[in-house]
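Contents: one structure, followed by commentary.
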Amino acid sequence: MTTSAGAPVADNQNSLSAGPRGPLLLQDYQLLEKLAHQNRERIPERVVHAKGWGAFGTLTVTHDISRYTRAKLFGAIGKQTPLLARFSTVAGEQGAADAERDVRGFALKFYTEEGNWDLVGNNTPVFFIRDPLKFPDFIRTQKRHPATNLRSPMAAWDFWSLSPESLHQITILMSDRGIPASPRFMNGYGSHTFSFWNHDGERFWVKFHFKTQQGQRTFSNAQSEAVIGKSRESYQEDLYGALQRGEFPKWTMYVQIMPELDAEKTAYNPFDLTKVWPHADYPLIEVGVLELNRNAENYFEQIEQAAFSPSNTVPGIGFSPDRVLQARLFAYADAHRYRIGTHYEALPVNAPKCPVHHHHKDGGMKFFSTPTGSAEAWYEPNSFGGARQDASVAEPPLRLNGDAARWNHREGNDDYSQAGALFRLLGAAQQQRLAATIAASMAGVPAFIIDRQLGHFDRADTSYGELVRQALRTAGIEFKA
Ligand code: NDP
Ligand code: HEM
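So the sequence shown is numbered by the UniProt record's numbering: it starts at 1 and just counts up by one.
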């Protein structure tokens with residue numbers, strides 16, 4: 001054992017004291033350093049998605065999609081790209097129980113030869129809001145009440161009932177899939193519309209899907225309560241344990257592809273995060289297999305310090321006009337600089353596995369070198385060589401138009417059809433469970449808020465509203481409408 005300065009340690013069991021019963025000496029630097037380090041062991045937890053579970057793995061391409069994208073990770077059948085996955089709940093803090101009803105994060109970092117591509121999605125294909133200005137308000141309703149410091153079903157249903165665009169996501173959250181048995185048994189979705197662009201400069205809109213090969217397994221509220229009663233760490237146990245046993249979970253990766261100009265024709269806004277693209281219109285195209293096969297050796301270093309950002313893309317993969325995606329391009333790297341530090345991208349888990357050449361300079365924890373090709377090339381342009389931009393990876397122009405204004409995102413948007421379609425495909429037994437789960441979550445919510453929300457269920461499908469009313473009556477929860 002050594003000190004952090006590398007000197008050998010003679011005694012790590014006994015502090016340095018004046019006599020066997022006397023006080024300690026200030027010169028016991030080993031003691032001071034241990035206490036000081038302990039005081040600095042915590043970094044801020046993620047402001048959302050604080051509780052998480054992760055592992056390393058690979059993506060293996062099984063089908064050729066190179067006509068849509070020039071991204072090298074999709075360049076050949078059989079091509080393998082190493083990756084890190086981190087799954088999470090959204091609202092719970094770092095110590096929250098794993099098996100709680102919540103949306104699950106499904107974040108992937110692909111270490112490609114052209115830099116890291118991060119796909120920071122969820123286990124749902126849609127989201128609660130379509131305008132990022134509402135994200136901090138929405139998250140406030142999922143976290144703790146300022147006075148009681150308790151979660152508030154009233155705030156959640158108040159916000160949702162005033163934000164009908166949330167209905168589709170609420171329906172998934174309250175359905176059987178709202179509590180996956182573990183991350184192995186859930187799908188992942190990029191959720192947003194992204195874009196692909198190919199060698200000819202053609203752009204396609206794209207959605208990403210990862211379907212679990214383990215099958216869907218979910219818990220009812222009662223099952224999750226029983227699981228949490230025994231272990232708050234059931235996901236960590238399941239995922240870590242499976243990988244240790246050599247049972248490597250797999251997902252089939254698919255894309256949906258929309259030709260660029262179709263976006264002007266679809267009845268729904270294809271950049272609206274509260275909508276899916278129906279499979280019948282844009283079928284799933286198989287891409288490859290994602291496998292997780294290696295546990296982290298150190299949870300803090302490799303999972304807690306992992307920094308995923310939708311802004312990390314590679315040539316061939318681009319963004320879209322989805323405004324929630326646009327806001328996320330700012331939010332994540334900003335969060336990482338605060339949560340981890342200026343040079344978070346140089347930490348081994350975040351560092352690209354390809355050469356990195358940039359001119360960002362100095363700053364806290366600059367422990368790595370960034371060779372720029374020449375000792376004199378520490379600015380750009382310069383006369384001395386070194387790293388240079390490469391026009392061959394330039395993205396084709398993104399067609400945009402429109403007058404700048406605060407357009408009402410609720411105007412002219414159908415918040416009900418897709419939620420209704422989901423309700424109808426669930427089948428009678430699952431519809432009953434959905435209604436019972438919704439009713440249970442409304443305990444203590446004032447009747448006028450429940451009434452407002454019942455109007456939204458009715459508009460999705462009259463049987464949806466009726467079933468929730470029945471479930472509310474059974475649960476003895478008051479409503480008027
Ligand atoms: P399809 O019949 O082609 O697909 C239905 C989809 O619903 C399947 O992907 C299925 O997933 C999924 N599903 C089944 N149960 C649930 C649940 N409890 N929560 C969430 N998803 C579930 O229909 P469409 O493409 O026309 O879409 C109809 C509705 O299906 C949509 O409004 C949407 O709510 C939902 N859906 C659609 C997706 C899409 O990208 N089109 C993706 C996921 C859901 P699986 O195949 O794994 O069983
Ligand atoms: C985590 C912001 C919407 C998925 C985070 C974090 C922030 C954030 C700040 C913490 C990042 C960190 O500290 O590392 C936002 C904002 C959103 C938004 C501002 C909308 C305006 C979404 C959506 C999805 C999503 C729509 C999924 C489709 C995730 C996931 C994580 C995360 C999976 C955890 C990543 C990890 O495992 O480290 N979000 N988010 N978020 N978010 Fe979002």
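We put the CB at the ideal spot given by N, CA and C, even for glycine.
Within 9 angstroms, strictly: CB atoms of residue i and residue j
i           : j      : result
Pro114      : Cys354 : Checking the sequence shown, residue 114 turns out to be Glu, not Pro. Contact: yes.
residue 505 : His357 : The question about residue 505 has no answer, for the chain in this structure spans 1 to 481.
Met174      : Val445 : no
Ser231      : Glu225 : no
Ala280      : Ser309 : no
Ser195      : Glu260 : yes
Gly105      : Gly52  : yes
Ala481      : Asp451 : yes
Phe87       : Ala107 : yes
Ala111      : Pro136 : Reading off the sequence, residue 111 comes out as Tyr, not Ala. Contact: no.
Met258      : Pro249 : no
Lys366      : Val126 : no
Leu59       : Val349 : no
Tyr68       : Phe204 : yes
Ala419      : Ile170 : yes
residue 482 : Ala394 : Residue 482 falls outside the range modelled here, since the chain spans only 1 to 481, and no answer is possible.
Gly364      : His336 : no
Leu26       : Ser15  : no
Residue i in three-state terms, based on DSSP
i      : result
Asp238 : helix
Asn39  : helix
Met186 : coil
Ser309 : coil
Thr370 : coil
Phe128 : coil
Ala267 : coil
Leu400 : coil
Lys250 : strand
Ile65  : coil
Asp334 : helix
Thr141 : helix
Phe74  : helix
Pro136 : helix
Gln27  : coil
Ala55  : strand
Pro164 : helix
Gly341 : coil
Ser191 : coil
Ser17  : strand
Gln256 : strand
Ile179 : coil
Gly455 : helix
Run of the alpha helix (DSSP H) containing residue i, from where it starts to where it stops
i      : result
Asp158 : Pro153 to Ser161
Leu108 : Looking at the DSSP string, Leu108 is not in any alpha helix (DSSP H); the run it does join, the beta strand (DSSP E), is Arg104 to Thr112.
Val47  : Per DSSP, Val47 belongs to no alpha helix (DSSP H) and is neither H nor E.
Ser441 : Ala428 to Ser441
Thr474 : Thr462 to Ala475
Gly420 : Ser417 to Leu425
Thr171 : Leu167 to Met174
Terminal residues of the beta strand (DSSP E) in which residue i lies
i      : result
Met289 : One point to set straight first is that residue 289 is Val, not Met, in the sequence displayed. Ile285 to Arg294 is the span of the beta strand (DSSP E), which, as asked, contains Val289.
Val206 : Arg203 to Thr212
Gly229 : Looking at the DSSP string, Gly229 is not in any beta strand (DSSP E); the run it does join, the alpha helix (DSSP H), is Asn221 to Lys230.
Gln80  : Gln80 to Thr89
Phe194 : Phe194 to Trp197
Asp118 : Gly115 to Asn122
Minimum Cβ-Cβ distance from residue i to chain B less than 9 angstroms
i      : result
Pro278 : Among the chains in the structure shown there is no chain B, since it carries only a single protein chain.
Three or more C-beta pairs closer than 8 angstroms, one from the segment 95 to 114 and one from the segment 166 to 181: is that the case here? yes
Between the segment 150 to 165 and the segment 201 to 220, do at least 3 Cβ pairs fall closer than 8 angstroms? Because the criterion of three Cβ pairs below 8 angstroms is not met, the segment 150 to 165 and the segment 201 to 220 do not touch.
Counting Cβ pairs closer than 8 angstroms, one from the segment 69 to 88 and one from the segment 304 to 324, do we hit at least three? yes
Stretch-stretch touch, CB-based, cutoff 8 angstroms, three pairs: the segment 407 to 425 with the segment 436 to 455: no
Quick test of the definition: if touching needs 3 or more C-beta pairs under 8 angstroms, does the segment 410 to 417 touch the segment 117 to 128? no
Is the number of C-beta pairs between the segment 293 to 313 and the segment 42 to 62 that are closer than 8 angstroms three or more? yes
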